[in-house]
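Positions -3 to 118 (our numbering) are the ones given, in order, by the first sequence.
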Amino acid sequence: MSSFRFRKHEHLRRAADFRRVYERRRSVSDRWLIVYACENGLPYLRLGLSVSRKMGGAVQRNRLRRLCREAFRLTRPEMPTGLDLILIPRQPELPSLAELKQALPRLVHQVARKLEREASKS
RNA sequence: CGGGCCGGCUGGACGAUCGCUGUCCGCAUCAGCGGAGAGAGGAAAGUCCGGGCUCCACAGGACGCGGUGAUGGGUAAUACCCACCGUCCGAGUUUUCUUUCGCUGCCUGACCAGUGAAAGAAGACGAAGGAUAGGGAUAGUGCAACAGAAAGAAUACCGCCGAUGGCCCGGCGGAAGCCGGGAUCAGGCAAGGGUGAAAAGGUGCGAGUCUUCGCAGCAGAGCGGGCGGAGACUUUUAGUAAGAGCGCACCAGCAGCCUGGCGACAGGCUGGCUCGGCAAACCCCACCGGGAGCAAGACCAAAUAAGAGGGCAGGACUGGUCCGGUCCGCUACGACCCUCGGGUAGGUCGCUGGAGCCGCCGGGCAACCGGCGGCCUAGAGAAAUGAUCGUCGCCGCGCCCCGCGCGGCACAGAACCCGGCUUACAGGCUGGCCCGUGGA
RNA sequence: UACCCGGUGGUGUAACGGUAGCACAAGGGACUUUGGCUCCCUUAGUCCUGGUUCGAAUCCAGGCCGGGUAG
């Protein structure tokens, strides 16, 4: 039951962390989201959100953030660990929570495989 | 009951489960765990004003900059609020004029008199209410396209006149001159036409009645009406060549006095004869105005530190001094400073108890103020306040009603805090004012 | 968070407060065997709402949108 919790240290908070994830330059996307990822050397996932002003007003942007966080919180047991993720919504239209819960683990598995291939090659 | 116009309040409710951020209590060395209770708004928005709070500064002057602008009050303060004044608008009411139509008057009548209706124009008054950046236009400078003669103390375009002085023509006369005509020169006038948003404030009157005669008009005579003459009457009835800007009255404006009001101002009386608009054009007057902003500011921790070039006791550099990237003057520091290069950008406080909210009483027309009692009501920081399900509520659509099914539930998210303004907003509740009509 | 600019046809730009012009583009026509060039004509605009003024793209206020600056 405690696996659905989402504590503060699991937030991606520092500008240096964000920069590290962006400079790893590994991302996947579908019609709702872009997902950047990077290994973090920790036994858990960390999540960062970036919502542009183009997505709408403050209410709309808060809604997008909360939907993404809720999807992450509820689908985390299905995902691999040890990664830092950054989620960027692509459209101002609101997706449903069920769609996000289906899409998010798929995208994270995709980007994790990408990183593993990268690591085994080097 | 119908119509019109102003506000005020509210802005989904309940339950279950999974989560997030503070507070308090308990456990725990720490990490953390458990329980209780709290957790977006009327606009949190735009950042348009005003303050609190924090740091810096507090010797000025010249020249400049920004803001405000009826009056009285409220407030910490305002460009805000309340009350009041002026101006404009406002359903409508009323007066005058014009046009059209109808009826009556004499045999008939586009034109006369009386009367009625409709439309239009102008003026005055004007409910509730609305707008108002509302000091100054004889301190100065400036603007007004096109049209029009003329756009500010102007002018004579189309026009009008023939009194006055010439000129020309004709007649009479011996002559002086006289009489008649012309609109030719000088001159006089500004009514009517026409322009414009605006033409030197606006409107009206400057005679009426009766008797009688003539003329035109009509197919014809008469009546009514038109033009001209004579006489009489009425309390008065102008002037000229033509006329008015002349005279008179009323209204508006101006000045003075009186009354009322704290005041803006209003009312009355008298005088005089009028020199418009724009200052959200420059400007003038009066008043006001330290700067920067919680990324303010304070503390702790961490990191870099003999890399290069340049300036400087002839006082550099930096800072201060008014609101000021200017100038002058004054002043502090008294040996370091500037550029390139390099390094940090983590934590704690500020951070929510305040011009606070609610109730009662009192003062005030009101905004608001005072007293008493009660309450604690977000505090994040790559940034919490969420998600799912169920029941109900509201709205729309579909089916024959009950009911069922489907879809939707406004505008919008705290970032130091308040007071205002402005803007956005589905629906719901509610108060007041005025006009008209009907009943008791 | 604080502050500063700007908005004119589809595009780029002019316009002392007095009729909104110009160029390119689009459409039509003429010339040409056809196309191009050239010429002529047409369509289309002051971001929105109020106010000042006789009159507003211009002046003023509020809103909307788009840029930019500082840390």
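For glycine and all other residues, C-beta sits at the position ideal for the given N, C-alpha and C. Here the structure is a predicted model, which is why all the values come from computation and not from measurement.
Please list the terminal residues of the continuous alpha helix (DSSP H) segment that includes Ser116. Start at 1 with the first residue of the first sequence, and residue 116 comes out as number 120. Counted as a single uninterrupted DSSP element, the alpha helix (DSSP H) harbouring Ser116 occupies residues 93 to 117.
Taking the DSSP output, what are the residues bridged to Cys34? What you label residue 34 is simply residue 38 of the first sequence in a count that begins at 1. Partner(s): Asp80.
Buried or exposed by the 16-neighbour rule on C-beta atoms within 10 Å, applied to Leu55: Position 59 of the first sequence, counted from the first residue, corresponds to residue 55. It is worth fixing the name first, because residue 55 is Val in this sequence and not Leu. Exposed is the call here.
For Leu29, which beta-bridge partners are listed by DSSP? Residue 29 sits at position 33 when you count from the first residue of the first sequence. Secondary-structure assignment with DSSP links Leu29 through a beta bridge to Pro85.
Who does Ser23 pair with in a DSSP beta bridge? Numbered from its first residue, the first sequence carries residue 23 at position 27. Beta-bridge partners assigned by DSSP to Ser23: Tyr32.
CB Leu63 to CB Glu6, shorter than 8 Å? Translated into the one-based positions of the first sequence, residue 63 becomes position 67. Translated into the one-based positions of the first sequence, residue 6 becomes position 10. Remark: C-beta atoms of Leu63 and Glu6 do not approach each other more closely than 8 Å.
Relative to the C-alpha of Leu103, which candidate in Pro88, Gly37, Ser48, Phe68 has its C-alpha closest? Position 107 of the first sequence, counting from 1, holds the residue named residue 103. Ranking Pro88, Gly37, Ser48, Phe68 by Cα distance to Leu103 puts Phe68 first.
Buried or exposed for Pro91, please, with buried defined as at least 16 other CB atoms from any protein chain shown within 10 angstroms of its CB. Taking the first sequence and counting its residues from 1, the one referred to as residue 91 is at position 95. That one is buried.
Buried versus exposed, by CB contacts within 10 Å (16 or more), Arg10: Residue mapping note: residue 10 aligns to position 14 of the first sequence, counting from 1. Label assigned to Arg10: exposed.
Endpoints, the alpha helix (DSSP H) within which Arg62 is located: Here residue 62 refers to the residue found at position 66 when the first sequence is read from its first residue. If you look at Arg62, you'll find it in the alpha helix (DSSP H) that goes 54 to 71.
What residues in its chain sit with their C-beta under 8 Å from that of Arg86, if we drop five residues either side in the sequence? Residue 86 sits at position 90 when you count from the first residue of the first sequence. The residues are Ser25, Arg27, Trp28, Leu29, Ile30.
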